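> This is the structure I have questions about; it appears just below.
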Amino acid sequence: PAAGGLSLDDINLSETTCPEFVWRVKNFGQVMDTTPLGTSIFSPPFTSKEGYTFQMQLYPSGKEDYPGQLSAYAHLVAREGDAGQTWPCPWKQMTMMLMDQHPHIQKRMSNQRSVTTDPTEKATDSDL
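Below, the structure is given as structure tokens:
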């Protein structure tokens, strides 16, 4: 990684190696066709280099309020050995990329979104 960086007011962003987790959902077209509206699937848990464990949740057919629109969520997961961690994982950025692996390269469409954890915002199951 480069030694560069960017500073905006009180926020410093430096170039660092990003941890990577890949969750491959096989036969995703079939998963979308057969998963009922409001039903989700979960990735295996993955752990960042800082020791935080996350898990992805997808609603392939959308949620009740958004039928037909894929919904993706990243969840911070509490696990044994988390006692030394700062909770609720303040100001960590996560980039989620949905990669279309259509065999025809001209028909591939990918989408990327970044989110930053905010310790003042907490979601419960009823919020999802």
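Residue numbers for the sequence shown follow our numbering, beginning at 2 and rising by one. Note that the Cβ used here is the ideal one computed from N, Cα and C, for glycine as well. Note that this is a predicted model, so its numbers are computed, not measured.
Tell me where the beta strand (DSSP E) around F55 begins and ends.
F55 -> beta strand (DSSP E) spans T54 to Y60.
> Taking Cβ positions, are W24 and M57 nearer each other than 8 Å?
yes
> DSSP beta-bridge partners for F29?
None, per the DSSP bridge assignment.
> Candidates D66, S44, P91 and P61: which alpha carbon is nearest K123's?
P91
> At a cut of 8 Å, does the stretch 103-111 reach the stretch 60-72 through at least three beta carbon pairs?
no
> Quick one: using the 10 Å Cβ neighbour count with 16 as the cut-off for buried, is S115 buried or exposed?
exposed
> May I ask which residues mark the beginning and end of the beta strand (DSSP E) holding V116?
N112 to T117
> From which residue to which residue does the beta strand (DSSP E) around A75 run?
S72 to V78
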